[in-house]
Amino acid sequence: MRIESLTLRELRMALRAPFETSFGVTRERRILLAEAVADGVAGWGEITAGEGPFYGPETTETAWHVVRDFIAPLALGKKLASAAELAALLAPIRGHPMAKAGVESTLWDIEAQQKGLPLAKLLGGTLEEIPCGVSLGIQPTVEGLLEKIEKELAAGYQRIKIKIKPGWDVAVVSAVRKRFPGVKLMVDANSAYSLRDTAHLQQLDAFYLMMLEQPLAWDDIHEHAKLQAQLQTPICLDESIHNARQARAAIELGACQIINIKLGRVGGYAEARRVHDVCREHSVPVWCGAMLESGVGRAHNIALSTLPNFLLPGDVSASRRYWEEDIIEPEVEVTPEGTIRVPTAPGLGFAVRRERIEKLTVRRETWSAS
Ligand code: OSB
Ligand code: MG
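Quick note: the sequence shown uses the working numbering, first residue 73, plus one each step.
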C-alpha cells in the first residue's frame with residue numbers, strides 16, 4: 073500500500089456525564105481523528121491523547137504537532153507491504169505512542185478492507201463476542217456510586233471498575249462490597265499512591281478484588297514489584313507499560329499479574345500484539361483499556377479485544393454511556409449478557425458518519441504525498 077494522504081481532524085464532543093479520575097475531571101473531549109488514503113481506500117483511526125498531560129505526557133496539541141511535523145513526512149508516499157511495517161518507519165520518533173497509534177491504526181483498517189476481512193480477523197483475533205466491563209469515575213457520593221453500579225449491572229456489564237484516590241478508597245470499596253458481594257470488582261488508582269501507603273492499600277485485600285490497577289507512579293515498575301510482594305490483590309499495570317520490553321520486565325520482576333493493553337499507550341497494533349504475546353507466554357492475562365473514545369477508537373478497541381489472551385472483561389462499553397450521539401453507525405451496543413458482538417464486515421466494521429464528523433470538526437489539516 074502507498075499512503076497518498078493523511079487528514080487530521082479535531083472534534084469537540086461533550087460527555088453525557090463528567091468523568092473524574094485521581095488526575096482530574098473531563099467534561100468535553102477534544103477527539104482527534106486520523107484518516108489516511110492508500111491505493112484509493114480510506115481508513116480511520118483515533119489519537120487517544122488527553123486534553124492535558126495528566127494520564128501520560130501526550131496532549132491533543134503535542135499529537136497534532138508530531139503528526140504534522142514528523143509522522144506525516146515519514147509516512148507519506150511510502151510503499152508498505154502491510155500496515156505492520158509502519159511502526160519500523162516511525163521508530164526514529166521517540167515516545168508519542170498515541171500519535172503513532174492513531175495513524176498506524178488507519179492502515180490496519182485499509183489493509184483489512186483491501187483483503188475483504190474484518191479487522192479483528194486480520195489481527196488474528198479469535199473471539200466473536202467480547203466480554204465488557206465499565207469504568208466508573210469518582211462520584212460526588214457513595215450512594216450515587218452504588219446507584220450507578222446497580223444500573224450498569226442491570227444493563228448486563230460483567231465487571232465493575234471504580235476509580236480510587238486517597239480519601240475515596242477503602243471505605244468506598246467496603247460499601248460497594250457490602251451491597252454487591254458477588255460482583256467482579258476492581259479498582260484503578262491512576263498513580264495516586266506511593267509505597268508509604270502500603271499498609272493502607274493492604275486493607276483492600278479484605279475485599280477480594282480482581283485487581284488493583286496502577287497504584288504507584290505512572291513511569292514506575294520497580295516499586296510496583298515491592299508493593300506486589302506485600303499485597304494479595306493482583307496488581308494490574310496500565311500507565312507504566314509502553315512496549316513488550318517493559319511488559320516482560322514488569323512480569324519478570326513481579327510488578328504485576330495482569331496487564332491492561334491500550335492501543336494508544338503502546339503505539340499501535342504491531343506493539344499491542346507483541347505485548348499480548350509476551351503476556352501470553354508468561355500466562356499473564358490481559359484486557360483492553362479505554363480512553364473515553366469516540367466510536368472510531370471504540371471500534372478499534374473491539375477488534376483488539378478479540379486476540380486470544382484478552383481473557384478478562386475490558387473497559388470497552390456502549391457508545392451511549394459516553395455520547396448523546398456517536399460518530400459511527402451502528403453505535404456500539406452491549407448485549408444483555410454484557411458482551412459486544414464483533415462486527416463481521418471488512419475493515420473497522422462500522423460506518424463512519426462523515427456528515428456528523430464534519431459538523432463536530434473544529435480544526436482540520438490534510439497532507440498529501442508529492
Ligand atoms: O486509567 O483506564 C484509565 C479514562 C481516561 C484515562 C485513563 C483511564 C480512563 C478510564 C476510562 O478508565 C475508560 C473508558 O470508559 O473509556
Ligand atoms: Mg487505568
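All C-beta atoms, glycine included, are put in the ideal place defined by N, C-alpha and C. Computed from a predicted structure; not experimentally measured.
Counting C-beta pairs with one atom in each stretch, the region 233-243 and the region 118-129 have fewer than three that are closer than 8 Å, which means they do not touch. For the set 137, 253, 198, 213, the Cα lying nearest the Cα of residue 225 is the one of 253.
By the neighbour-count criterion, in which 16 or more other beta carbons inside 10 Å mark a residue as buried, residue 260 falls on the buried side. Taking C-alpha positions only, residue 148 is separated from residue 409 by approximately 44 Å. Inter-segment contact for the region 371-378 and the region 157-166 is absent: fewer than three beta-carbon pairs are separated by less than 8 Å.
With respect to residue 157, residue 110 sits apart: the two C-beta atoms are not nearer than 8 Å.
In the DSSP annotation of this structure, the continuous segment of the beta strand (DSSP E) that includes residue 411 starts and ends at 411-413. Burial of residue 388 is indicated by the presence of at least 16 other C-beta atoms within 10 angstroms of its C-beta. Under the 10 Å beta carbon count, residue 305 is surrounded by 16 or more other beta carbons and is classified as buried. Setting aside the 5 residues that flank it on each side, residue 437 is surrounded in the same chain by 80, each with a C-beta closer than 6 Å to its C-beta; the list follows chain order. Remark: C-beta atoms of residue 330 and residue 313 do not approach each other more closely than 8 Å. The ligand MG has no heavy atom closer than 7 Å to the beta-carbon of residue 401. Between residue 199 and residue 414, the C-beta spacing is below 8 Å. Straight-line measurement puts the Cα of residue 169 at about 9 Å from the Cα of residue 335. Considering only 154, 403, 87, 94, the residue with the shortest C-alpha distance to residue 265 is 94. Under the 10 Å beta carbon count, residue 229 is surrounded by 16 or more other beta carbons and is classified as buried.
Distance from the C-beta of residue 92 to the nearest heavy atom of the ligand MG is not below 7 Å. The bridge partners DSSP lists for residue 387 come to none. For residue 215, the secondary structure class from DSSP, reduced to helix, strand or coil, is helix. DSSP places residue 207 within a strand segment (E or B) once states are collapsed to three. Here residue 433 has 81, 82, 83 as same chain residues with Cβ atoms under 8 Å from its own Cβ, once five neighbours each way along the sequence are excluded.
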